[in-house]
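Chains as they are written, first to last, in my numbering: chain D, 1 to 286; chain B, 1001 to 1286.
What follows is a set of notes on a single structure, which appears directly below.
Protein chains: 2
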Amino acid sequence: MAVQKNAERSELPIGIFDSGVGGLTVYRALHDRLPNEHFVYLGDTARVPYGTKSLATVEKYALENAQFLANYGIKILVVACNTASALALPAIRARIGLEVVGVIGPGGRRAITVANCEAPKIGVIATEATVRSGAYVEAVHKSCSEAVVFQTACPLFVPLAEEGWAEESETASIAERYLADMREFTPDALVLGCTHYPILHDVIQRTVGPDVTLVDSGKATAEEVASLLKSTGLASPRKISGERSLCDDLDHFFVTDAAERFASVAERFLGVKPAKLEAIEVPALT
Amino acid sequence: MAVQKNAERSELPIGIFDSGVGGLTVYRALHDRLPNEHFVYLGDTARVPYGTKSLATVEKYALENAQFLANYGIKILVVACNTASALALPAIRARIGLEVVGVIGPGGRRAITVANCEAPKIGVIATEATVRSGAYVEAVHKSCSEAVVFQTACPLFVPLAEEGWAEESETASIAERYLADMREFTPDALVLGCTHYPILHDVIQRTVGPDVTLVDSGKATAEEVASLLKSTGLASPRKISGERSLCDDLDHFFVTDAAERFASVAERFLGVKPAKLEAIEVPALT
């Protein structure tokens, strides 16, 4: 019976929500890793950013987003937003009867794997709220209690990524300033603990040097989602031959505001605009 | 009867709202110009920024903020947020039975006054939403139909101001990049059309050169509010002797989220933290 039910559920999309456009890097990682799946993405662009907001506010917004996707009909939920993953995962799990995967656990575990030594030094860069939450420190220590973790907030990286300034000299100079202490720490692995940061991957790598392995939490999450689908029998029975395009009409995108701006940033991040994009209002919880 | 009523109303505070912390520069200008008044300030920090959001969303948030302050009890309302002034002034005026002053009309008029020539060239720098709205262009042309207006959006100026990076070399370099075309336009006056930009006044002045007069819309607004109070008989009967401090306990501050962060940015902008600061929820309109 449970198996039959899972067979039906396996046809449903994977739900992803983020505070805005940043989660598109997580969508891309999931799409690349799981070409037979389809996705429904919610970007809470009316209330972005979450990284400077309080626990209570982030939790409220995250629960509303999760409920919206659960009502749409999804088989598992990926919380692409680092801040929401850091602050709201237990509340989301308590509310919706689905498997919920955040980006912080996978990012922390992956850092320990790639560092591949006994007492690894792990760097984490993220928003102020994520750093303050200590969620990555906890995730890293769960995998390896000997690890030493050093964190830095890089608030200007988000607007720089949204402006598309990946190669501008000012971005390199700002990265130098933010990452000077991090470079001195000489981490074995550096976690990109904000969904926007993979857009600045190359400038960050140049700043910290080639010996530091960068960990993209989105890619780590995609790996864990793949394992979870397999172990729960929820992998899609679809077999798509050949390459699937990002943002094709199998994937459904929702935003809470300013769909046009979302489409143009999506094009900057992914090289293509979503085929199916709708602006909606996320209902308050009752 | 009307006179008596105004005498009572004159004792009420002036209401100010902004999408977040930026409006504190307008608060400072009002406070400097009108030392006998007291103020109630609402920063909508749970939903900041407005500059990248749609007309419908900005209007909804602005109306909720205006209603909150009207319920608190104010004699006039200053909309310190340029984006809300550009998009929501008619809706606010229609809803609340009070004088409402935005920052765009005063900023546009002041630009024409200081340019002081027959066919003035007026530059405007602002958020994407304010530029797109064309509200400053309209305000300038209302004062002088011969004026030529050139606008540029400077999206990174807001996060740079909030980081307190007024003197960093990256800010100067980013200003060079944003303002290259503006400098070529050789404006007679340049309107700082976003409440955050006065924080970067010096670097903007250095970038465009000493011949360009910068117009602080907040200061222009304070002048017009002073005239309005006089002409309507709503000026406060209080006579405060000596210098009044910013953020003293006569002034009441509300934020919709993250009061601690607001207090620390307030300290960065004004040199002092608010004595009376409360986090509240702005009710939805009924």
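Cβ coordinates follow ideal geometry from the N, Cα and C atoms, glycine included.
Query: Listed by chain order, chain D residues near lysine 1053 of chain B by CB distance under 7 Å; Result: Ala46, Asp257, Ala258
Query: Cβ separation of phenylalanine 1269 of chain B and threonine 1083 of chain B, assumed to be a contact under 8 Å, to the nearest whole Å; Result: Contact flag wrong, Cβ pair sits at about 18 Å.
Query: Element boundaries [beta strand (DSSP E), containing isoleucine 14 of chain D]; Result: 14–18
Query: Proximal residues to valine 1140 of chain B (C-beta, below 7 Å), its chain only, five neighbours per side dropped; Result: Gly1108, Ala1111, Ile1112, Ile1122, Ala1147, Val1149
Query: Below-8 Å beta-carbon distance, methionine 1 of chain D vs any chain B residue; Result: For methionine 1 of chain D, the pLDDT reaches just 44, beneath the cut-off of 50, and the residue's location in the model is therefore unreliable, leaving the point undetermined.
Query: Near-chain D residues of the segment 1151–1169 of chain B (beta-carbon distance less than 9 Å), N- to C-terminal order; Result: Pro1155, Leu1156, Val1158, Pro1159, Leu1160, Glu1162, Glu1163, Trp1165, Glu1168, Ser1169
Query: Cysteine 81 of chain D: CB within 7 Å of a non-hydrogen atom of the ligand PLP; Result: Absent from the structure shown: the ligand PLP. Ligands present: none.
Query: Burial state of alanine 189 of chain D, where buried means 16 or more other Cβ atoms lie within 10 Å; Result: buried
Query: Bounding residues of the beta strand (DSSP E) (the contiguous stretch that carries glycine 218 of chain D); Result: That residue, glycine 218 of chain D, is in no beta strand (DSSP E); its alpha helix (DSSP H) goes 217–232.
Query: Alpha-carbon spacing of alanine 1258 of chain B relative to serine 1245 of chain B, whole angstroms; Result: 24 Å
Query: Helix, strand or coil at lysine 75 of chain D [DSSP, three-state]; Result: coil
Query: Serine 173 of chain D at chain B interface by Cβ criterion, 8 Å; Result: yes
Query: Cβ shell of phenylalanine 254 of chain D (< 6 Å), same chain only, five flanking positions each side left out; Result: Leu42, Glu278, Ile280
Query: Residues in the segment 248–277 of chain D having any Cβ partner in chain B nearer than 7 Å; Result: Asp257, Ala258, Arg261
Query: Outcome for serine 145 of chain D when other beta-carbon atoms lying within 10 angstroms are tallied against a minimum of 16; Result: exposed
Query: Interface residues of chain B facing threonine 57 of chain D [CB-CB closer than 7 Å]; Result: Ala1046, Asp1257
Query: Span of the alpha helix (DSSP H), counted from its first residue to its last, around histidine 38 of chain D; Result: No alpha helix (DSSP H) contains histidine 38 of chain D, which DSSP labels as neither H nor E.
Query: Beta-carbon spacing of isoleucine 1096 of chain B, alanine 1062 of chain B below 8 Å; Result: no
Query: Leucine 89 of chain D, buried or exposed, once every other Cβ within 10 Å from all chains shown has been counted against 16; Result: buried
Query: Among D:Cys194, D:Ala29, D:Ile74, nearest to alanine 226 of chain D - alpha-carbon criterion; Result: D:Ala29
Query: Valine 1158 of chain B versus tyrosine 1050 of chain B: straight-line alpha-carbon distance, rounded; Result: 12 Å
Query: Beta carbon of cysteine 1081 of chain B nearer than 8 Å to that of aspartate 1032 of chain B; Result: no
Query: Segment contact, 8 Å Cβ cut-off, at least three pairs: the segment 177–192 of chain D with the segment 204–221 of chain D; Result: yes
Query: Beta-carbon proximity check, valine 1114 of chain B vs threonine 1213 of chain B, cutoff 8 Å; Result: yes
Query: Cβ distance (whole Å) where phenylalanine 1068 of chain B is taken to contact valine 1282 of chain B below 8 Å; Result: 5 Å
Query: Contact belief for glycine 1233 of chain B with serine 1054 of chain B at Cβ below 8 Å, rounded distance in angstroms; Result: Not quite, the Cβ-Cβ distance comes to about 39 Å (not below 8 Å), so this is no contact.
Query: Residue of D:Thr52, D:Ile16, D:His38 minimising C-alpha distance to leucine 250 of chain D; Result: D:His38
Query: Given cysteine 1154 of chain B as reference, the closest of B:Pro1106, B:Pro1013, B:His1196, B:Tyr1136 once Cα atoms are compared; Result: B:His1196
Query: Glycine 218 of chain D burial status per 10 Å Cβ neighbour count (16 or more: buried); Result: buried
Query: CA-to-CA distance, leucine 160 of chain D to leucine 1156 of chain B, given in whole angstroms; Result: 7 Å
Query: Residue interval of the beta strand (DSSP E) (run including histidine 1252 of chain B); Result: 1252–1255
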